[in-house]
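Peer 1: Protein chains in written order, with UniProt numbering: chain A, 1 to 344; chain B, 1 to 344.
Glycine included, every Cβ here is placed at the ideal spot set by N, Cα and C.
From a predicted model like this one, the values you see are computed outputs, not experimental measurements.
Before we start, here is the structure in question, set down as structure tokens.
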DNA sequence: CTGAAAGCGCTAACAT
DNA sequence: ATGTTAGCGCTTTCAG
């Protein structure tokens with residue numbers, strides 16, 4: 001069978017405690033003893049049993065990440081960044097997909113599901129929203145991601161949705177566009193706290209500051225934020241005959257779909273319509289034309305989220321710090337779809 | 001502290017064994033007893049400690065997945081499918097990224113790294129190749145993915161690279177193309193066993209069968225298979241002045257980059273050049289024009305791989321089955337880039 | 001600096 | 001049908 005510490009101890013001629021000391025880099029071990037233990041470990045091919053360690057220490061060295069779907073580009077890139085960030089802290093990442101399903105999202109927060117073998121959870125909800133805030137009462141280290149829910153009792157890492165959307169709109173204004181359409185508004189009209197609404201708000205704010213009236217006809221619904229819906233919304237907009245010379249798509253995937261519909265309709269980008277998306281996913285750089293976008297600071301989001309989670313994991317029971325809300329820095333990335341000739 | 005089975009047993013007025021029986025759905029428990037235990041569990045908010053269970057049973061209920069990078073579309077979609085497949089078997093998935101780094105890939109196979117808390121590993125190497133076959137001697141349940149290594153001592157799930165590439169080329173031949181370029185050949189010339197070489201072989205086979213000589217000028221190197229490299233290879237090809245009316249890009253990402261370069265050069269697709277990619281990633285459906293591709297059977301790969309791994313995990317020591325090699329079914333998906341008007 | 005021994009929470013013989 | 005009990009492999013007091 002697989003060797004245990006006892007085997008190592010026997011081979012090295014020391015006690016099990018000494019083996020433990022060596023493995024955990026405890027200070028007081030005589031170099032010669034350490035060497036003997038190390039070579040015994042080598043000889044036997046010993047590997048610590050992490051279940052046993054986890055049982056004893058209460059830590060597994062694994063954190064959970066719950067996202068809607070990895071096949072959505074944004075989440076794949078987020079997961080990529082989070083796994084890298086976790087690695088720096090020597091943590092593994094168990095990825096769970098909720099498929100944007102309400103029940104599964106609830107299971108994730110309540111610690112049911114598969115994520116019990118973890119020391120904490122990074123959770124990016126898609127379906128749960130402000131009304132479900134009270135559900136978020138996790139009894140374990142937890143960091144909330146995204147903008148579906150605000151004001152909960154946990155740490156929260158998100159982006160500057162309003163001001164970055166405002167900046168995106170201003171970017172279109174700066175290149176002389178005045179009839180700026182938006183694609184991706186939420187079907188139901190009441191303003192909630194979710195990416196769509198926040199970004200629409202930033203759009204309106206930019207128009208307001210420029211003294212341009214908001215034309216409701218230019219605000220188009222699209223959900224979910226997939227390519228087909230972006231394309232469809234754009235086809236509708238074109239068919240409606242409403243004039244427009246700029247487009248702010250609420251994410252890159254919608255923008256890519258819209259680009260497709262614009263191309264089909266013979267509308268030139270950026271000449272006839274300048275387009276900017278949101279998220280700055282990899283493919284934005286390589287679409288035809290390349291897509292201007294808002295980089296929401298994904299890297300920073302990932303690193304911050306993992307750091308916060310690690311702090312919560314390490315926190316002693318008494319010294320609870322009040323929940324933190326962190327917003328990452330954003331950046332407008334100008335590419336061909338808004339007239340920038342350079343590549344970026 | 002978090003409640004244990006003992007607490008549940010005390011509250012329910014039964015022994016710990018009975019609690020265990022209830023939790024594990026053992027047959028012989030009186031309904032009334034079961035009810036009492038269940039309500040005690042509810043009342044205390046008891047959750048089994050998976051570390052303890054893992055220590056006792058030797059199983060963690062988690063499998064590892066080692067891929068180069070999630071931000072590469074193909075792997076994100078693969079991981080998505082694998083997580084779904086694992087779920088059906090009630091398994092969690094711990095995702096590790098090797099970044100296509102040799103050392104890290106070795107660490108993954110040898111069971112170092114973060115994947116020790118797992119019951120087995122699905123491994124998709126990028127850097128390790130045929131020469132490293134001897135390194136693949138894992139001492140734990142293991143399933144190899146992809147085509148970097150063949151003939152190892154483990155189960156292996158892969159695709160029909162040669163025949164599907166042949167079919168892709170034939171698809172171009174069928175629509176009348178005769179000067180078919182290929183993008184994505186490997187920089188070093190010797191034929192190894194890796195996707196690039198296998199797919200080039202299928203291409204040559206198709207040309208041979210059609211009685212068309214292979215023109216080395218039409219076989220273009222590109223590595224790694226990223227958009228920029230596809231675009232660059234296409235720019236080179238166009239600049240070289242070599243005539244061509246068809247393109248087989250060895251994956252979709254290269255194809256998308258090539259599409260971009262073709263567009264920039266004013267070459268019409270599919271009129272001047274028909275293009276087919278490989279992988280059938282989501283975005284192939286939404287590029288302009290939509291991209292024909294080879295669906296390698298990703299779903300099937302994921303499900304098969306997980307099933308094989310589960311079998312290896314459950315296998316008794318004595319009854320070892322010889323390693324299996326499984327190849328998924330592929331399918332040509334014709335879209336606009338090869339003249340298909342319908343959407344698919 | 002090293003050893004002995006307790007016990008983390010659970011499962012599975014074995015007993016009743 | 002239910003209870004008792006012995007570890008799984010490790011960390012960690014506590015002694016020496």
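Give me the Cα-Cα distance between residue 175(A) and residue 128(B), rounded to the nearest whole angstrom.
Peer 2: Between residue 175(A) and residue 128(B), the C-alpha separation is close to 49 Å.
Peer 1: Pick helix, strand or coil for residue 156(B), following the three-state DSSP scheme.
Peer 2: Residue 156(B): strand per DSSP, three-state reduction.
Peer 1: When you compare the segment 162-169 of chain A with the segment 228-237 of chain A, are there three or more beta-carbon pairs, one atom per stretch, that lie closer than 8 Å?
Peer 2: The segment 162-169 of chain A vs the segment 228-237 of chain A: no contact.
Peer 1: In the DSSP assignment, find the unbroken alpha helix (DSSP H) run with residue 316(A) in it and report its ends.
Peer 2: Looking at the DSSP string, residue 316(A) is not in any alpha helix (DSSP H), and its letter there is neither H nor E.
Peer 1: On the three-state DSSP scale, how would you describe residue 347(B)?
Peer 2: Nothing in the structure corresponds to residue 347(B), since chain B is present only between 1 and 344.
Peer 1: With 7 Å as the limit, tell me which residues of the segment 131-158 of chain B have their beta carbon closer than that to any beta carbon of chain A; keep them in chain order.
Peer 2: Cβ contacts with chain A: none found.
Peer 1: Which of the three DSSP states, helix, strand or coil, is assigned to residue 121(A)?
Peer 2: Three-state DSSP puts residue 121(A) in a strand.
Peer 1: What is the residue span of the alpha helix (DSSP H) that residue 79(B) lies within?
Peer 2: 73-88 is the span of the alpha helix (DSSP H), which, as asked, contains residue 79(B).
Peer 1: Identify every run of the alpha helix (DSSP H) within the UniProt domain "HTH lacI-type" (3-57) of chain B, keeping only runs that are complete inside it and at least 4 residues long; order them along the chain.
Peer 2: The qualifying runs are 5-12, 16-23, 31-44 and 50-57.
Peer 1: Could you name the residues of the same chain whose beta carbon sits closer than 7 Å to that of residue 184(A), not counting the 5 residues immediately before and after it, in chain order?
Peer 2: These residues qualify, in order along the chain: 196, 222, 225, 249, 250, 251 and 254.
Peer 1: Quick one: which residues of the segment 286-298 of chain B get their C-beta closer than 9 Å to a C-beta of chain A? List them in chain order.
Peer 2: So the list reads 286, 287, 288, 289 and 290, given in the order they occur along the chain.
Peer 1: Cβ of residue 299(B) versus every heavy atom of the ligand MN: is any distance shorter than 7 Å?
Peer 2: Among the components of this structure there are no ligands whatsoever, and the ligand MN is therefore not found.
Peer 1: Determine the chain A residues that contact residue 71(B) at a beta-carbon separation under 7 Å, and present them in chain order.
Peer 2: By Cβ distance, chain A contributes 76, 77, 80 and 282.
Peer 1: Tell me the DSSP secondary structure of residue 137(B) in three-state form.
Peer 2: In the structure shown, residue 137(B) sits in coil (DSSP, three-state: anything other than H, G, I, E or B).
Peer 1: Between the Cα of residue 145(A) and the Cα atoms of 130(A), 123(A), 163(A) and 152(A), which residue gives the shortest distance?
Peer 2: When only C-alpha atoms are compared, the closest one is 123(A).
Peer 1: By Cβ distance, which residues of its chain are closer than 6 Å to residue 205(A), with the 5 residues on each side in sequence left out?
Peer 2: Closer than 6 Å at the Cβ level, and outside the excluded window around residue 205(A), lie 166.
Peer 1: Under a Cβ-count criterion, where at least 16 other Cβ atoms within 10 Å of its own Cβ denotes burial, should residue 131(A) be classed as buried or exposed?
Peer 2: It counts as exposed.
Peer 1: So residue 52(A) contacts chain B; which residues on that side make the cut at Cβ distance below 7 Å?
Peer 2: Here the neighbours are 55.
Peer 1: Could you spell out the range, first to last residue, of the beta strand (DSSP E) harbouring residue 64(B)?
Peer 2: 62-67 is the span of the beta strand (DSSP E), which, as asked, contains residue 64(B).
Peer 1: What did DSSP end up calling residue 101(B) once you bin it into helix, strand or coil?
Peer 2: If DSSP states are grouped into helix, strand and coil, residue 101(B) belongs with coil.
Peer 1: Can you find a CB in chain B that lies within less than 8 Å of the CB of residue 95(A)?
Peer 2: Closer than 8 Å to some Cβ of chain B, the Cβ of residue 95(A) qualifies, so yes.
Peer 1: Starting from the beta carbon of residue 60(B), find every residue of chain A whose beta carbon is closer than 7 Å, and list them in chain order.
Peer 2: Residues of chain A passing the Cβ test: 51 and 117.
Peer 1: Alpha carbon to alpha carbon, how far is residue 293(A) from residue 271(B)? Give it in angstroms, no decimals.
Peer 2: Taking the straight line from one Cα to the other gives about 31 Å.
Peer 1: Could you have a look at residue 95(B) and say whether DSSP puts it in helix, strand or coil?
Peer 2: It is a strand residue.
Peer 1: Who pairs with residue 293(A) in a beta bridge, going by DSSP?
Peer 2: In the DSSP output, where bridge partners are listed per residue, residue 293(A) has 333(A).
Peer 1: Short of 8 Å Cβ to Cβ, which residues in the segment 250-269 of chain A face chain B?
Peer 2: Within the segment 250-269 of chain A, the qualifying residues are 256, 257, 259, 260, 263 and 264.
Peer 1: Residue 145(A) bridges to which residues according to DSSP?
Peer 2: Bridge partners of residue 145(A): 157(A).
Peer 1: Kindly list the residues whose CB is nearer than 7 Å to the CB of residue 81(A), restricted to its own chain and excluding five residues on each side of it in sequence; keep chain order.
Peer 2: The residues are 298, 299 and 302.
Peer 1: Can you tell me which of 24(B), 200(B) and 281(B) puts its alpha carbon nearest to the alpha carbon of residue 73(A)?
Peer 2: Nearest C-alpha to residue 73(A): 281(B).
Peer 1: Excluding sequence positions up to five away, which residues of its chain have a Cβ less than 6 Å from the Cβ of residue 46(B)?
Peer 2: Contacts found: 3 and 8.
Peer 1: Going by DSSP, which residues form a beta bridge with residue 185(B)?
Peer 2: DSSP, once it has assigned bridges, lists 221(B) as partnering residue 185(B).
Peer 1: DSSP three-state call for residue 70(B): helix, strand or coil?
Peer 2: It is coil, neither helix nor strand.
Peer 1: Decide if the segment 47-67 of chain B is in contact with the segment 85-105 of chain B; the criterion is three or more beta carbon pairs, one per stretch, under 8 Å apart.
Peer 2: Touching, yes, given that three or more Cβ pairs across the two stretches are closer than 8 Å.
Peer 1: Can you check DSSP and say which residues form a bridge with residue 180(A)?
Peer 2: In DSSP, residue 180(A) forms a bridge with 246(A).
Peer 1: Is the shortest distance between the beta-carbon of residue 313(A) and the beta-carbons of chain B less than 8 Å?
Peer 2: Not one chain B Cβ lies under 8 Å of residue 313(A).
Peer 1: Taking any Cβ of chain B, which residues in the segment 222-240 of chain A have a Cβ under 8 Å from it, in chain order?
Peer 2: Hits within the stretch, in order: 227, 228 and 231.
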